[in-house]
Amino acid sequence: MTTIQVFDPALCCSTGVCGVEVDQQLVGFSADVDWAKQNGADIQRFNLAQQPLVFAENAVVKSFLERSGAEALPLILIDGEVALAGRYPNRAELARWCAITLIEDKVKSSCCSGSSC
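Here's what the structure looks like:
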């Protein structure tokens, strides 16, 4: 099974979805992670503010931070190898990496101009 590790920048809590001004990108990513886990994905998240030793003990992450700095986070590893840096993956990327079938919801067109479709 594929293992995805997400190395988050320093966040106020484990997901960053807290506080007064919540970053909508983190809200969406947290929902996508929950969805992927419900579909069998193995995803682990690590927060620089709460788990700095995990960052220091992983040679790939430590090297990345020395080269690029914490401002280049998040860093996404798949089975220990860098897959993405600087942004969070979207649901389609998570699905592809975890071999989850992604079924798009069909949205009804809003061109009906008042009549029932």
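With the working numbering, letter number 115 in the sequence shown gets 187, and the count goes up by one each step, no holes. Glycine included, every Cβ here is placed at the ideal spot set by N, Cα and C. These numbers come from a predicted model, not from an experiment.
Check                                                                                                                                                                          : Outcome
Does the region 92 to 107 come close enough to the region 125 to 138 that 3 or more CB-CB pairs lie under 8 Å?                                                                 : no
Helix, strand or coil: which one does DSSP assign to L156?                                                                                                                     : strand
For G186, which of helix, strand or coil comes out of DSSP?                                                                                                                    : Note that G186 scores a pLDDT of 47, beneath 50, so its modelled location is shaky; the value from the coordinates is reported in the next line. Coil, per DSSP.
Quick check on L83: does DSSP put it in helix, strand or coil?                                                                                                                 : coil
Along the chain, where does the beta strand (DSSP E) containing D151 start, and where does it finish?                                                                          : No beta strand (DSSP E) holds D151; DSSP gives it neither H nor E.
Rounded to the nearest angstrom, what separates D106 and A128 at their Cα positions?                                                                                           : 26 Å
Label V154 either buried or exposed according to how many other C-beta atoms from any shown protein chain fall within 10 Å of its C-beta, with 16 as the threshold for buried. : exposed
What do you get for L137, buried or exposed, if any count of 16 or more other CB atoms within 10 angstroms of its CB means buried?                                             : buried
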